[in-house]
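Taking numbering that gives the first Met the number 0, the leading residue of the sequence shown gets 0, the next gets one more, and so forth.
Just so you know, even glycine gets a beta-carbon here, dropped at the ideal spot from N, CA and C.
For reference, the structure discussed in these notes is given below.
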Amino acid sequence: MEDKKTDIYNYGKELFSSKGFKDTNVADITKKAGVSVGTFYNYYSSKEKLFMDIFIDENVKLKKNMMSSVNIEDTPLDFIKGFLSMNIAGMKSNPILKEWYNHDVFNKIEKLFRQENGNDSVSFIYGNSLEMVTKWQAEGKMRSDLSSELIMTIFAALVNIDTHKEEVGLQHFPQVLDLITEFVIKGLMDTVE
């Protein structure tokens, strides 16, 4: 039984990667996996649910790779800029994760991501980063008049700006994101008397 679920997952991932979320349907997946449509629904309630399982797994892989690649000795500014850059590059280079930026499907994906508590799957980043922020605060590298939790929320806001790049303007978005990040992090690094 698990072999069928694994086949559905793997062929779904293959088709979502090559055709995209919108142009892949359950019949395509079941045909490739050699199972009936009814069998598909024994394991997944919808195409969206299968996609989200794959998306979450791919996102976890990306974030784990990022956490192992960052230099914890960097300044807060270099660390955050590097982290944001790796996240954007990783999302754009992975055909599954890239769908997050596809406006034709973003609202549906984002809604399901929230319903599935997708952020919980990468909560390890929050814990590790929270420790780093607390360390930076203790070393005087980051403001201590703000809670580390508030600073982490500000970091999350920086990450989420990327989902609004079209509204910001594609022509200048990379530079705008870089400048906003610099302004915010430098503001968080300023000590308050």
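Margin query: Using only the alpha-carbon positions, how far apart do SER122 and ALA26 sit?
Written below: CA-CA distance, SER122 to ALA26, rounds to 34 Å.
Next item on the list: Would you check if the distance between the CB atom of LEU49 and the CB atom of GLY11 is smaller than 8 Å?
Entry: Cβ atoms of LEU49 and GLY11: closer than 8 Å.
Notebook entry, point to check: Measuring CB to CB, does ILE124 end up less than 8 Å from MET66?
Noted result: Their beta carbons are under 8 Å apart, which means ILE124 touches MET66 by this criterion.
Notebook entry, point to check: Is the beta carbon of MET141 sitting closer than 8 Å to the one on LEU187?
Noted result: Taking 8 Å as the Cβ cut-off, MET141 and LEU187 qualify as a contacting pair.
Item checked: Spatially closest choice to LYS185 from TYR42, ASN106, PHE78, ASN9, by CA coordinates -> The shortest C-alpha separation from LYS185 is found at PHE78.
Next item on the list: Could you pull out every residue in the same chain whose Cβ sits closer than 7 Å to the Cβ of GLU181, ignoring the five residues on either side in sequence?
Entry: Answer for GLU181: LEU76, listed in chain order.
Check: Between LEU157 and VAL175, is the Cβ-Cβ spacing less than 8 Å?
Finding: The answer is no: Cβ separation not under 8 Å.
Margin query: With H, G and I counted as helix, E and B as strand and the rest as coil, what does DSSP make of ARG113?
Written below: Three-state result, ARG113: helix.
Notebook entry, point to check: Does the Cβ of LEU169 have 16 or more other Cβ atoms within 10 Å, making it buried, or fewer, making it exposed?
Noted result: For LEU169, the number of other beta carbons within 10 angstroms of its own is below 16, and it is reported as exposed.
Notebook entry, point to check: Which same chain residues, not among the five before or five after ASN86, have their C-beta less than 7 Å away from its C-beta?
Noted result: Closer than 7 Å at the Cβ level, and outside the excluded window around ASN86, lie MET65, VAL158.
Next item on the list: Take the Cβ of ILE55 as the centre, count every other Cβ of all protein chains shown within 10 Å, and call the residue buried at 16 or more, exposed below.
Entry: Its Cβ being crowded by 16 or more others within 10 Å, ILE55 is buried.
Next item on the list: Just confirm the distance between the C-beta atoms of THR29 and PHE39, as a whole number of angstroms; I'd bet it's less than 8 Å.
Entry: The beta-carbon distance between THR29 and PHE39, rounded to whole angstroms, is 5 Å. This is short enough to meet the 8 Å contact definition.
Next item on the list: Please list, in chain order, all residues of the same chain as LEU111 whose beta carbon is under 6 Å from its beta carbon, the five residues on each side excluded.
Entry: Within the same chain, LEU111 has close Cβ partners GLU47, MET51.
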